[in-house]
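According to my numbering, the residues represented by the sequence shown are -18 to 83, in order.
Ideal Cβ placement from N, Cα and C applies to all residues, glycine included.
See below for the structure under consideration.
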Amino acid sequence: MNLTERMNTILSQDVYEDTYQESCNAYLKLQGTYNSVDYSSIGENEYTTEEVWNILKKNAGLHTQTSAEILNGFAGTGSHELTEREALNTIATKTNLDNALP
C-alpha cells in the first residue's frame, strides 16, 4: 500500500478518504493530549507529515529526523534501511502503530 492508503487504513477509513498529510494529522488529533500537549483540536493540515512523526517520536524539534528515519525506528530497522512507505507498511503488518509509539 502507498502512504495515503496505509494511513487511511490505520484510521479505519476509506483508503483515499484523506491525503497522507491529512491522515497523519487525524492520527495525531486522535491521540488527544500527547506528551503533555493537547492536539485534539488541530486542523487537518496543521502539521507536515515530518512534523507529525517528530511529535509522535517525542523529538525535541519538529524537524529533528525525517519521516523515513522515524518510521524505520518504529519498525525496528536501521534508520535508512526502508523507505517511508516500506517502514509504515512493516509497522502496520508487524504490530499496530499505537504499539510502535514511544
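Inset, instruction - Use the C-beta contact count for Asp(-1): other C-beta atoms within 10 angstroms, 16 or more gives buried, fewer gives exposed. - result: Burial call: buried.
Inset, instruction - Rank Asp(-5), Ser22 and Pro83 by C-alpha distance to the C-alpha of Phe55 and give the top, closest one. - result: It is Pro83.
Inset, instruction - Could you check which residue in Lys75, Leu(-8), Tyr1 and Thr29 has the C-alpha nearest to that of Gln12? - result: Answer by Cα proximity: Leu(-8).
Inset, instruction - Please confirm whether Asn35 and Leu43 have their CB atoms less than 7 Å apart. - result: Against a cut-off of 7 Å, the Cβ pair of Leu43 and Asn35 comes out as a contact.
Inset, instruction - Return the Cβ separation of Cys5 and Thr30 in integer angstroms, given the expectation that the two are a contact with Cβ distance under 8 Å. - result: Contact flag correct, Cβ pair sits at about 5 Å.
Inset, instruction - State the CB to CB distance for the pair Ile23 and Lys38, rounded to an integer number of angstroms; the pair is presumed to be in contact (CB under 8 Å). - result: So it is not a contact: roughly 17 Å between Cβ atoms.
Inset, instruction - Starting from the Cα of Ser48, find the closest Cα among Glu65, Met(-18) and Val(-4) and give me that residue. - result: Closest option to Ser48, Cα to Cα, is Glu65.
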